[in-house]
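Enquirer: Dropping the structure in here first, questions after.
Protein chains: 2
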Amino acid sequence: MKGKQKAIIEAKANVLKALGHPTRLWMAEQLQHGEKCVCELAEFIDADFSTISKHLSVLKQAGVVTDEKRGKQVYYKLRVPCIIKYMSCVEAVIKAHAEEQTDLL
Amino acid sequence: MKGKQKAIIEAKANVLKALGHPTRLWMAEQLQHGEKCVCELAEFIDADFSTISKHLSVLKQAGVVTDEKRGKQVYYKLRVPCIIKYMSCVEAVIKAHAEEQTDLL
DNA sequence: TGGATATATGGTAAAACGACCAAATGAATT
DNA sequence: AATTCATTTGGTCGTTTTACCATATATCCA
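Taken in sequence, the protein lines are chains A and B.
Those letters in the first sequence? Residues 180 to 284, by the working numbering.
Those letters in the second sequence? Residues 180 to 284, by the working numbering.
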């Protein structure tokens, strides 16, 4: 694989990897209808604030979200909202997979 | 978050995580137009056969691909092809992200 | 200015991951 | 039945991830 192709696929994998954690995926889904501040997200996540902050940082580094500080709070939003629309397809995967496993019983 | 919602989001994150590795993403992309056997994929990957096999196993466990043994060979295919169509959106993310970083210079 | 609030950063330990090697399996060929 | 080919599995080890705690930073309010 050539250098550029390789770089592209690595960048794409990085985006998917960033979304590949339950907490981060949940956060991204919460942002699909608009920005939220950290505290709004944190309200529903049972983890240390520092953990939440680091997850958001991973999403940001991958380019999935952008952040903006306003007053005391930092607001995050999806850079490209389609990233979450895709979830319907991901759901199709797990549904098909689950059905197959159920059929085994 | 309730048990079922939690399980769903974990399964979805698992799918994204499975695709969140350059080698595995590349493999999935190779399968977008139909099945391939392990040896066909391996031909272009510079890694041990056992490594390749384990990557395929991760994709399979996540439900992204299914496998079928025919003769001496094992053929893999995407369970739900849309999983790769989504990549255009992932690309939009990295493009937007890259542009922003370039603007900083 | 001092204190409270919101968020980020550094350190650390446990767990998960990824790559390799060696060995096992399973199907086809001799 | 023995050998070969395609793939998987088990073991090991260095690297990365994740979660927590403690501490820092930045903004607002009194």
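Virtual Cβ for every residue (Gly too), placed ideally from N, Cα, C.
Bear in mind the structure is a predicted one, so any value in this text is a computation, not a measurement.
Within 8 Å, do at least three Cβ pairs link the segment 184 to 198 of chain B to the segment 241 to 258 of chain B?
Expert: yes
Enquirer: In chain order, what residues of the same chain have a beta carbon less than 8 Å from the beta carbon of A207(B), not counting five sequence neighbours either side?
Expert: L198, L238, V243, V244, L257, I262 and I263
Enquirer: CB-CB under 7 Å to A221(B), same chain, minus the five flanking residues each way: which ones, in chain order?
Expert: F228 and I231
Enquirer: To the nearest angstrom, how far is the alpha carbon of V253(A) from that of Q211(B)?
Expert: 40 Å
Enquirer: From C218(B) to H276(B), what distance separates their C-alpha atoms?
Expert: 36 Å
Enquirer: When you compare each of V269(A), E270(A) and L235(A) to Y146(A) by their alpha carbons, which one comes out closest?
Expert: Only positions 180 to 284 of chain A appear in the structure, and residue 146(A) is not among them; the question remains open.
Enquirer: Quick one: list the residues of chain B neighbouring L195(A), beta-carbon separation under 8 Å, in chain order.
Expert: L195, K196, L198, G199, L204 and V269
Enquirer: Where does E247(B) sit, in a helix, a strand or coil, going by DSSP?
Expert: strand
Enquirer: Under 8 Å Cβ-Cβ, which residues of chain B neighbour C261(A)?
Expert: C268 and A271
Enquirer: Can you tell me where the beta strand (DSSP E) holding V253(A) begins and where it ends?
Expert: Run containing V253(A): Q252 to L257, per the beta strand (DSSP E) assignment.
Enquirer: What ranges does the alpha helix (DSSP H) occupy inside the segment 190 to 230 of chain A, keeping only unbroken runs of at least 4 residues that lie completely in it?
Expert: 201 to 209 and 217 to 221
Enquirer: With the cut-off set at 8 Å, would you say I273(A) and A190(B) are in Cβ contact?
Expert: yes
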